[in-house]
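Taking it in order: structure first as structure tokens, then the write-up.
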Amino acid sequence: VDWMVVRGPAALKAETLPESHRRILCVSPGFGDQARLDAARQVITRFAERAFRRPVPPDEVDRILRIFRLADDRGESFERSVQVALTTVLASPQFLFLVEPEESREDRPLTEYELASRLSYFLWSSMPDDALFDEARAGTLRGHLRQQVVRMLEDPKSNAFVENFAGQWLQL
Numbered sequence: 457v458d459w460m461v462v463r464g465p466a467a468l469k470a471e472t473l474p475e476s477h478r479r480i481l482c483v484s485p486g487f488g489d490q491a492r493l494d495a496a497r498q499v500i501t502r503f504a505e506r507a508f509r510r511p512v513p514p515d516e517v518d519r520i521l522r523i524f525r526l527a528d529d530r531g532e533s534f535e536r537s538v539q540v541a542l543t544t545v546l547a548s549p550q551f552l553f554l555v556e557p558e559e560s561r562e563d564r565p566l567t568e569y570e571l572a573s574r575l576s577y578f579l580w581s582s583m584p585d586d587a588l589f590d591e592a593r594a595g596t597l598r599g600h601l602r603q604q605v606v607r608m609l610e611d612p613k614s615n616a617f618v619e620n621f622a623g624q625w626l627q628l
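Each residue of the sequence shown is one higher than the one before, counting from 457 in our numbering.
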């Protein structure tokens with residue numbers, strides 16, 4: 457025997473996995489290539505929408521899914537193949553920066569997702585939470601802006617606003 461490879465554990469129960477793992481890998485792949493691909497598409501779409509703070513068009517998901525396929529074709533596990541694909545999301549400028557749309561000569565209103573991002577980074581110094589994403593997705597954030605600001609200021613994460621904004625502005 458020249459070498460031997462053992463992969464395992466053979467079967468993990470979902471409840472034994474860490475919470476972070478279960479939140480990212482929200483679905484389990486079925487049997488067959490198409491089932492793995494569909495599960496990967498669902499995981500990648502969900503993760504990319506949170507990371508990019510906006511809806512992700514299918515062609516963008518397909519580009520990330522190609523990375524998954526490369527790792528999967530090499531014989532990597534489903535989890536490892538998804539990990540490789542999600543690493544490309546985290547290395548993307550769309551994740552690292554708040555990307556503004558093309559510059560134009562005319563002013564335009566912010567989209568609901570842009571408003572949610574600006575609001576959360578201003579008040580929390582962090583990405584929007586599920587409530588802000590839900591409002592942006594439904595197109596109701598502008599109508600419920602006051603309630604969302606009050607909710608966000610009551611959250612302990614708003615201490616970042618006091619420390620960062622007041623500290624930089626007033627040099628306190």
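Ideal Cβ positions, reconstructed from N, Cα and C, are used throughout, including at glycine.
How big is the Cα-Cα spacing for glutamate 556 and threonine 567? 11 Å
Does the Cβ of phenylalanine 503 have 16 or more other Cβ atoms within 10 Å, making it buried, or fewer, making it exposed? buried
I'd like the list of long-range same chain contacts for glutamate 532, defined as Cβ closer than 8 Å, with 5 residues on each side in sequence excluded. Val540
What runs of the alpha helix (DSSP H), each 4 residues or longer, lie entirely inside the region 499–545? 514–529
I'd like the list of long-range same chain contacts for isoleucine 523, defined as Cβ closer than 7 Å, with 5 residues on each side in sequence excluded. Val540, Ala541 and Thr544
Out of Asn615, Ala507 and Leu571, point me to the one whose CA is closest to alanine 547's CA. Ala507
Per-residue burial, glutamine 604 [other beta carbons within 10 Å of its own, 16 or more giving buried]: buried
Pick from Ala572, Asp611 and Met608 that is closest to threonine 596, judged by C-alpha positions: Ala572
Excluding the five sequence neighbours on either side, which residues of its own chain have a C-beta within less than 6 Å of the C-beta of aspartate 528, listed in chain order? Ser537
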